[in-house]
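A.B. asks: Residue numbers (mature numbering (1 follows the signal peptide of the UniProt record, and there is no 0)): -18 to -1, 1 to 317. Following this message is one structure expressed as structure tokens.
Here it is as structure tokens:
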């Protein structure tokens, strides 16, 4: 009992961590969801470019600030996300995927990454004080993204990775030449949307002529749906034929990528509008997870594959009867 009391007292004496003076941060961090799928491309060839606008929603967001200086402007540090690396093909750009490089800038033309001396300005100023909550921030939460193709894209679409940190912006008082250090948390962070996305571009190759593939399971018994994807589900398995066709006599290995939201109870499954139900996709009896792919080939501009789709229930939740729907996108990519 004495040991417990001593440990309790020791824990009570630990100081609370404080953010640096003359800084603002998000608690929680504000997120600007960037839907790069809105980028408009007119060509599928290497070097093709597109430009899009992004903006946090809501447009203005809150922060917590420490301020002791009477200076009345603010500036930003902006760091690129840890998964983005400088492009070896396009100077100033960062590699987002094998298909695209991106260049992010603020709406007043400051390219990211940025330092306070680059003058990404903020005009909303917190009052003097410590741990003061302030609303109305917006700088670094909106701007432009330039997108450029790293290679020819044959499948009519570019897959954008899911929930990738694009940048983090740290807001500090404008005190040159010695600026405050970054706080431990950014005020706003830009991320690709959950579930990723697909940029439509002029197509060289398509799946089933680009038509929507509908898989209708009809009426099924909830009690007979398996809770493991390895089970057959009492015949609740649908074969889906895929036909690849290109407008050239292309001959090469390809990959077919599955773009879909994941079920809340399993990252292996495609999400449906029923939280207790997901769908498993297989190729050659091997699992294809959302945002993964399987290999195939086109010869003389054509090719064929078969996939299987089957329902899987959440064993830890009750699966109620009723209509259900799920959606996913298959995209042809170069290897």
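Don't be surprised by glycine CBs; every beta carbon is placed ideally from N, CA and C.
Give the secondary structure of residue 301 by DSSP, where H, G and I count as helix, E and B as strand, and everything else as coil.
C.D. replies: Note: residue 301 maps to coil in three-state DSSP.
A.B. asks: Quick check on this structure: which residue in 25, 91, 109 has the alpha carbon closest to the alpha carbon of residue 103?
C.D. replies: 91
A.B. asks: Check residue 215 in the structure and name its three-state DSSP category.
C.D. replies: Because the pLDDT of residue 215 is 45, which lies under 50, any placement of that residue in the model is unreliable, and the number read from its coordinates should be weighed accordingly. The answer is coil: DSSP assigns residue 215 none of H, G, I, E or B.
A.B. asks: Can you tell me where the beta strand (DSSP E) holding residue 58 begins and where it ends?
C.D. replies: 56 to 62
A.B. asks: Write down the C-beta distance between residue 4 and residue 157 rounded to the nearest angstrom, noting that I regard them as a contact closer than 8 Å.
C.D. replies: Correct: roughly 6 Å between the Cβ atoms.
A.B. asks: Using 10 angstroms around the beta-carbon of residue 159, count the other beta-carbons present and answer buried if the total reaches 16, otherwise exposed.
C.D. replies: exposed
A.B. asks: Mind checking residue 74: buried by the 16 CB within 10 Å criterion, or exposed?
C.D. replies: exposed
A.B. asks: Would you mind stating whether residue 170 and residue 63 have Cβ atoms separated by less than 8 Å?
C.D. replies: no
A.B. asks: Using the Cα positions of residue 301 and residue 120, report the straight-line distance between them to the nearest angstrom.
C.D. replies: 43 Å
A.B. asks: Where in the region 205 to 256 do unbroken runs of the beta strand (DSSP E), each at least 3 residues long, occur, reported from the N-terminal end onward?
C.D. replies: With a minimum length of 3 residues, the continuous beta strand (DSSP E) runs that stay inside the region 205 to 256 are 220 to 228, 234 to 241, 248 to 253.
A.B. asks: Indicate the three-state DSSP secondary structure (helix, strand or coil) for residue 9 in the structure shown.
C.D. replies: coil
A.B. asks: Indicate the three-state DSSP secondary structure (helix, strand or coil) for residue 322 in the structure shown.
C.D. replies: For the chain, the structure presents residues -18 to 317; residue 322 sits outside this window and is missing.
A.B. asks: Any idea what DSSP makes of residue 19, helix, strand or coil?
C.D. replies: helix
A.B. asks: How many angstroms separate the CA atom of residue -14 from the CA atom of residue -1?
C.D. replies: Caution is warranted here: a pLDDT of 31 is assigned to residue -14, below 50, making its placement in the model unreliable, and the coordinate value is therefore given only provisionally. So the two alpha carbons sit approximately 27 Å from each other.
A.B. asks: Where does residue 260 sit, in a helix, a strand or coil, going by DSSP?
C.D. replies: strand
A.B. asks: Do the region 39 to 46 and the region 79 to 97 meet, that is, are 3 or more Cβ pairs less than 8 Å apart?
C.D. replies: no
A.B. asks: State the DSSP-derived secondary structure class of residue 307, mapped to helix, strand or coil.
C.D. replies: DSSP places residue 307 in coil when its eight states are reduced to three.
A.B. asks: So the candidates are 176, 168, 136; which of them puts its Cα closest to the Cα of residue 146?
C.D. replies: 176
A.B. asks: With 16 as the cutoff for other CB atoms within 10 Å, does residue 214 come out buried or exposed?
C.D. replies: Its pLDDT being 47, under 50, residue 214 is placed unreliably in this model, and the coordinates cannot settle the point.
A.B. asks: Opposite residue 171 in the DSSP bridges: which residues?
C.D. replies: In the DSSP output, where bridge partners are listed per residue, residue 171 has 13, 150.
A.B. asks: First and last residue of the beta strand (DSSP E) that includes residue 139?
C.D. replies: Note, residue 139: beta strand (DSSP E), 139 to 142.
A.B. asks: Identify which residue in 165, 279, 59, 17 has its Cα closest to the Cα of residue 234.
C.D. replies: Comparing C-alpha distances from residue 234 to each of 165, 279, 59, 17 shows the shortest one belongs to 279.
A.B. asks: To the nearest angstrom, report how far apart residue 56 and residue 99 are at their CA atoms.
C.D. replies: 11 Å
A.B. asks: Helix or strand or just coil, what does DSSP make of residue 123?
C.D. replies: coil
A.B. asks: Would residue 151 and residue 182 qualify as a contact pair, given that the criterion is a beta-carbon distance under 8 Å?
C.D. replies: Taking 8 Å as the cut-off, the beta carbon of residue 151 is found no closer than this to the beta carbon of residue 182.
A.B. asks: If residue 296 sits next to residue 258, beta carbons under 8 Å apart, how far is it from one beta carbon to the other, in whole angstroms?
C.D. replies: Right, the Cβ-Cβ distance comes to about 4 Å (below 8 Å), so this counts as a contact.
A.B. asks: Across the region 27 to 37 and the region 124 to 132, are there enough close Cβ pairs to call them in contact, namely three or more that are closer than 8 Å?
C.D. replies: yes
A.B. asks: Cβ of residue 231 versus every heavy atom of the ligand MG: is any distance shorter than 7 Å?
C.D. replies: In the structure shown, the ligand MG is absent, as is every other ligand, since no ligand is present at all.
A.B. asks: At the level of alpha carbons, what is the spacing between residue 78 and residue 314?
C.D. replies: 18 Å
A.B. asks: What does a CB cutoff of less than 6 Å around residue 210 pick up in its chain, not counting 5 residues either side in sequence?
C.D. replies: none
A.B. asks: With a 10 Å radius around its C-beta and 16 neighbouring C-beta atoms as the bar for buried, classify residue -4 as buried or exposed.
C.D. replies: Residue confidence for residue -4 is low, a pLDDT of 37 falling below 50, so the modelled location carries little weight; the figure read from the coordinates is stated next. With fewer than 16 other Cβ atoms within 10 Å, it is exposed.
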